[in-house]
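Asker: Questions regarding the structure given below will be posed in turn.
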Amino acid sequence: MKREESLIETEEAQLISGEPEQEEYAPVLRVLIAVGCMGVLAAVVAAMAAILSLVSGREAKQSLWLSIAAVLAFGVLTFVLSLVDRKKRREFALESERLLKSAERFKGAVVSAEKHTKKVKYANESFEEISWNFVINYKDENGDAASVKSGRYLNDISNVLGKTDVTVIKKPGGAYAFEGFVLRESGEEGVKLEVAEIEDE
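Sequential numbering of the sequence shown, starting at 13, is according to the numbering used here.
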C-alpha cells in the first residue's frame, strides 16, 4: 500500500475532465457542415473518375460537368455554413463570457471526493465505467453553508491537489463552474481526500 501511495505522489498531478469542452452551440449546423464536406469529397472523386474515363477514350463529358457543378455547389454551401458557424461560435463565446462576468463568486474548499462506478454491458461483455468528482463546501450569497459537486473527471483525483481552496462560480440560471484548483507538484505529498464510493445505475 505504501509503495502504491509513493508511486501516486511521484506521478504528475492532473485533472482529466470527463465533461464536454463546451456546450454545443449549434449541433445541427455542425452536422450540415460535415455533410457538405463529404459532398465535396464525393463530387471530387466522381470528377476524377470522369477524367479517367475521358483519358481512356470513353464518353464522360456530361459526368465531368455534373461532378464539377456538384463540387462548386457543395463547396459554396460548406463555405456559407462555415461563415454562419463562425458567427454563431463567436456569439456563443461572447454570451458565455458575459454570463461568467455577471456570475457570483464564492470562496470554497474541496472537502472530499466521490468515486462513481457504473456497470456497463456491451454485447456479451460487461465492464466498469469509473469517474470521479470533488465535493466542495462554500458559503452562499446569504452566508449559509452550502455544498456542490464538481464535474466528472476520468482519473483518480483523491491525491492531486496541493491546496483545497477553490472558487465556486454560480452562473445566472443556477449552473456552476469552478476555478483555482491548485495541483500538487510532482514529488509532493499533496492533500489526501476522503473518498466515498458510489455505484451508479
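Yeah, the Cβ is synthetic: ideal placement off N, Cα and C, and Gly gets one too.
What residues match up with E31 in a beta bridge as DSSP calls it?
Answerer: Per DSSP, none; premise fails for E31.
Asker: Spatial neighbours of D168 within its chain, please: CB distance less than 7 Å, with the 5 preceding and 5 following residues excluded, ordered by chain position.
Answerer: Closer than 7 Å at the Cβ level, and outside the excluded window around D168, lie W144.
Asker: What first and last residue would you give for the alpha helix (DSSP H) that runs through T179?
Answerer: Here T179 belongs to no alpha helix (DSSP H); instead the beta strand (DSSP E) covers 177-182.
Asker: Restricting to runs no shorter than 3 residues, where is the beta strand (DSSP E) found entirely within the stretch 102-150?
Answerer: Within the stretch 102-150, the complete beta strand (DSSP E) runs of at least 3 residues are 116-134.
Asker: Which word fits N136, buried or exposed, when buried means at least 16 other C-beta atoms lie within 10 angstroms of its C-beta?
Answerer: Burial call: exposed.
Asker: Could you give the DSSP three-state label for L195: helix, strand or coil?
Answerer: Correct three-state label for L195: strand.
Asker: Rank A125, Q74, F91 by C-alpha distance to the C-alpha of C49 and give the top, closest one.
Answerer: Answer by Cα proximity: F91.
Asker: Checking 9 Å against the spacing of the C-beta atoms, do L166 and V194 come in under that value?
Answerer: Cβ atoms of L166 and V194: not closer than 9 Å.
Asker: Taking the alpha-carbon positions, what's the S124 to F146 distance?
Answerer: Spanning the two alpha carbons is a distance of roughly 6 Å.
Asker: The beta strand (DSSP E) spanning E209 covers which residue range?
Answerer: Where E209 is concerned, the enclosing beta strand (DSSP E) stretches over 206-212.
Asker: What would DSSP say about L173, mapped onto helix, strand or coil?
Answerer: If DSSP states are grouped into helix, strand and coil, L173 belongs with the strands.
Asker: I think K119 touches Y150, with their Cβ atoms under 8 Å apart; what is that distance to the nearest whole Å?
Answerer: Going by Cβ atoms, the distance from K119 to Y150 rounds to 6 Å, so yes, they are a contact pair.
Asker: For E71 and S65, what's the separation of their Cα atoms in angstroms?
Answerer: If I take the Cα positions, the gap works out to 7 Å.
Asker: How big is the Cα-Cα spacing for T129 and L112?
Answerer: The straight-line gap from Cα to Cα measures roughly 32 Å.
Asker: Less than 9 Å separating the beta-carbons of A25 and R196?
Answerer: Yes. Within cutoff.
Asker: Please classify A59: does DSSP put it in a helix, a strand, or coil?
Answerer: Three-state DSSP puts A59 in a helix.
Asker: Identify whether S159 lies in helix, strand or coil by the three-state DSSP scheme.
Answerer: Three-state result, S159: strand.
Asker: Once you ignore the five residues that flank E206 on each side, which residues in its own chain have a CB closer than 7 Å to its CB?
Answerer: S124.
Asker: Using the C-alpha atoms, what's the distance from D97 back to V43?
Answerer: So the alpha carbons of these two residues sit roughly 11 Å apart.
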